[in-house]
Amino acid sequence: MKRSTFIAAIAAAAIGVTTLSAMARDRGPDFSTLDADGNGEVTLQEMQAAGQARFTDADTDGDGFLSLAELQARVEARAQDRSERLMERMDADEDGRLSMAEMQSPRRNPARMFDRLDADNSGGISAEEFEQARAEGRNRGSKQRDN
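Taken in order, the sequence shown gives residues -24 to -1, 1 to 123; the numbers are from mature numbering (1 follows the signal peptide of the UniProt record, and there is no 0).
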């Protein structure tokens, strides 16, 4: 297998593996898009095809590789989409700006988050508790990618 084909296949597989976790976090295609044959379930082949399509979309020069510029463009486009969705979801008064009150909506309850981080209920978050929460977040992300 040519080196370029091998690298493209690995990149496509990596993008495909992240397809379901991205979908679950509202950052990728929805179920009906992935279910190409419309039979009510997503197969590995359909996931791989979606991953290949995402790779192809990102590979704007069509050379079978993602350059740093192509990756940056994809990240920037996704960040813009996420920002727009965040604004739509949180801008209660629809003025095109988020106030501190809107940012601290009941869904984003900082006290609840603090309580989760303060594992020993000491009223403060130790460096160990902070690192533990960080590690759990990384583990949760990798489990989503593994599933």
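Where a beta carbon is used, it is the ideal one built from N, C-alpha and C, also for glycine.
- The segment 38 to 48 makes no contact with the segment 59 to 70, as fewer than three CB pairs between them are under 8 Å.
- With fewer than 16 other CB atoms across the displayed protein chains lying within 10 angstroms of its CB, F90 is exposed.
- Exposure of R54 is indicated by the presence of fewer than 16 other C-beta atoms within 10 angstroms of its C-beta.
- The DSSP-derived three-state label of V51 is helix.
- Per DSSP, Q21 is one residue of the alpha helix (DSSP H) stretching across L20 to A34.
- Excluding residues up to 5 positions away in sequence, E46 lie with their Cβ nearer than 6 Å to the Cβ of T36 in the same chain.
- N115 carries a helical assignment under DSSP once its states are collapsed to helix, strand and coil.
- With 16 or more neighbouring CB atoms inside 10 Å of its own CB, A26 falls in the buried class.
- Secondary structure at E105: helix, using DSSP grouped into helix, strand and coil.
- Per DSSP, the unbroken alpha helix (DSSP H) holding S8 starts and ends at F7 to L10.
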